[in-house]
Amino acid sequence: MNVDSLDGRLLFAIPKKGRLYEKCISILAGADIQFRRHARLDVCLVLNHPIALTDHYIRVFLPASDIPSFVGKGNVDLGITGHDVILESQMQEHVTEELRLGFGKCALQVQVPEAGAIKTVEDLAGKRVVTSFEVLSGEYFGKLDDQLQLAGDNRTKIEYVGGSVEAACALGLADGIVDLVESGDTMRAASLHAIATVLETEAVLIKSRVPKHAAHSGLISLITNRIKGVVAAGKYAICQYNVSRDRLSSAIAITPGRRAPTISPLETDDWVAVSSMVEKKKLAQIMDDLVATGAEDILIFSLDNCRV
Ligand SMILES: Nc1ncnc2c1ncn2[C@@H]1O[C@H](COP(=O)(O)OP(=O)(O)OP(=O)(O)O)[C@@H](O)[C@H]1O
Ligand SMILES: O=P(O)(O)OC[C@H]1O[C@H](OP(=O)(O)OP(=O)(O)O)[C@H](O)[C@@H]1O
Numbered sequence: 001m002n003v004d005s006l007d008g009r010l011l012f013a014i015p016k017k018g019r020l021y022e023k024c025i026s027i028l029a030g031a032d033i034q035f036r037r038h039a040r041l042d043v044c045l046v047l048n049h050p051i052a053l054t055d056h057y058i059r060v061f062l063p064a065s066d067i068p069s070f071v072g073k074g075n076v077d078l079g080i081t082g083h084d085v086i087l088e089s090q091m092q093e094h095v096t097e098e099l100r101l102g103f104g105k106c107a108l109q110v111q112v113p114e115a116g117a118i119k120t121v122e123d124l125a126g127k128r129v130v131t132s133f134e135v136l137s138g139e140y141f142g143k144l145d146d147q148l149q150l151a152g153d154n155r156t157k158i159e160y161v162g163g164s165v166e167a168a169c170a171l172g173l174a175d176g177i178v179d180l181v182e183s184g185d186t187m188r189a190a191s192l193h194a195i196a197t198v199l200e201t202e203a204v205l206i207k208s209r210v211p212k213h214a215a216h217s218g219l220i221s222l223i224t225n226r227i228k229g230v231v232a233a234g235k236y237a238i239c240q241y242n243v244s245r246d247r248l249s250s251a252i253a254i255t256p257g258r259r260a261p262t263i264s265p266l267e268t269d270d271w272v273a274v275s276s277m278v279e280k281k282k283l284a285q286i287m288d289d290l291v292a293t294g295a296e297d298i299l300i301f302s303l304d305n306c307r308v
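All residue numbers in the sequence shown are consecutive under the UniProt record's numbering, ending with 308.
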């Protein structure tokens, strides 16, 4: 593909590797945006789109950490990356976070050796901190140093490393680190523990505040709505059950739905069937409560996709 073929097309960046990659691919597959990626080529044409999209849309694979600045400067129209990465690259004024995507959830935490003398961030202030997040860590310890009135050489020393941050204390490079924690396995394996949280983060869909092509705005909304549908389908399920009319109001209070539940008559006069959207993470409690209220034949259906 030559560079001219990018002209006028909508560009959508997703991380080329790493923690967010697989989920991004499955979200875009759910939005029915198909593509073929050639070996060693980080730009690829979308294959399948309905007439309005054909030849207007290109997927670009970039390092997660570069996506905010490409989108923020308007070179790329849409992107998926971590909220943490947007703040670290100081692009929050230049992009809008359109949608939280519900994956890539973790926390940026201050960590120190479990067995060491440092127990609090105040103990760590003024010492050496190693991190890949030097902007966010600099802001965090800058405020702390100010509060503790540390000046000059007594202020916290932040040093950047590109990876394996968790090894820095054991190697004698740092007194503490700032790094991402999800399960805590990496932290525990390095005999570290967290003493403060700098930031909670998850993957987000972003768009530029300064788009280069105003003509893309319709396509951007269409893609955003498709992705919203895929994300909502992952969050909700359909709950269907039968309940007697005299218990209907208490059952509806348990499953109010997004707008309202669908209620259908059954052949038996005094019973109805109820169908309602429910949050997946509340399913077990909802089913317990429905049983307790007298509902029967409770069925849960997964959603493949939706528009809500
Ligand atoms: N353990 C984790 N659990 C959940 N999300 C994570 C985790 N680690 C990283 N992330 C999210 O994924 C983003 C990219 O992290 P990842 O470690 O995959 O980057 P990478 O591809 O190795 O980095 P780079 O492209 O800068 O080399 C992070 O900024 C964060 O938002
Ligand atoms: O709490 P956990 O579940 O162990 O996750 C945390 C780890 O995940 C990330 O690194 P990743 O494994 O993506 O590799 P990287 O260090 O090469 O970025 C992060 O930098 C931590 O090291």
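Ideal placement from N, C-alpha and C gives every residue a C-beta, glycine not left out.
| Do Val204 and Leu99 come within 8 Å of each other at the CB atom, strictly closer than that value? | Cβ atoms of Leu99 and Val204: closer than 8 Å.
| In chain order, what residues have a CB nearer than 7 Å to some heavy atom of ligand 2? | The filter returns Gly18, Arg19, Cys106, Gly163, Ser164, Val165, Glu166, Asp179, Leu180, Val181, Glu182, Ser183, Gly184, Asp185, Thr186, Met187, in chain order.
| request: Report yes or no: do three or more beta-carbon pairs, one from the region 105-122 and one from the region 212-219, lie closer than 8 Å? | output: Segment contact: the region 105-122 against the region 212-219, fewer than three CB-CB distances shorter than 8 Å; contact not assigned.
| Does the beta-carbon distance from Ser276 to Pro265 come in below 8 Å? | Taking the C-beta atoms as reference points, Pro265 is found no nearer than 8 Å to Ser276.
| Sub-8 Å separation of Val274 and Gln240 beta-carbons | It is a contact, given that the beta carbons lie within the stated cut-off.
| Would Lys207 be called buried (16 or more neighbouring beta carbons within 10 Å of its own) or exposed? | Per the 10 Å Cβ criterion, buried.
| message | Using a 10 Å radius around the Cβ and a threshold of 16 neighbouring Cβ atoms, would you call Val308 buried or exposed? | response | Under the 10 Å beta carbon count, Val308 is surrounded by fewer than 16 other beta carbons and is classified as exposed.
| task | Leaving out five residues on either side along the sequence, give the residues of the same chain with a beta carbon under 7 Å from the beta carbon of Val278. | result | Excluding residues within five positions, the ones whose Cβ falls inside 7 Å are Tyr236, Ala237, Cys239, Thr255, Ile286.
| task | Could you spell out where the beta strand (DSSP E) holding Glu279 opens and where it closes? | result | Where Glu279 is concerned, the enclosing beta strand (DSSP E) stretches over 271-279.
| said: Closest to Ile86 by C-alpha separation, out of Leu136, Asp77, Gly126, Asn305, would be which residue? | reply: Measuring from the Cα of Ile86, the nearest candidate turns out to be Leu136.
| What number of angstroms, rounded off, separates the C-alpha of Asp145 from the C-alpha of Val110? | Taking the straight line joining both Cα atoms gives about 15 Å.
| request: Could you pull out every residue in the same chain whose Cβ sits closer than 8 Å to the Cβ of Arg247, ignoring the five residues on either side in sequence? | output: Answer for Arg247: Thr293, Gly294, Ala295, listed in chain order.
| When every heavy atom of ligand 1 is checked, does at least one fall within less than 7 Å of the C-beta of Gly102? | No, ligand 1 has no heavy atom inside 7 Å of this Cβ.
| said: Checking 8 Å against the spacing of the C-beta atoms, do Gly176 and Arg155 come in under that value? | reply: When the beta-carbon positions are compared, Gly176 and Arg155 stay at least 8 Å from each other.
| Of the listed residues Glu202, Leu101, Cys169, nearest to Met187 (C-alpha basis) | Answer by Cα proximity: Cys169.
| Apart from the five residues on each side of it in sequence, which residues of its chain come closer than 7 Å, Cβ to Cβ, to Glu166? | In its chain, beyond the 5 residues on either side, Ile177, Asp179, Thr186, Met187, Ala190, Leu192 have a beta carbon closer than 7 Å to the beta carbon of Glu166.
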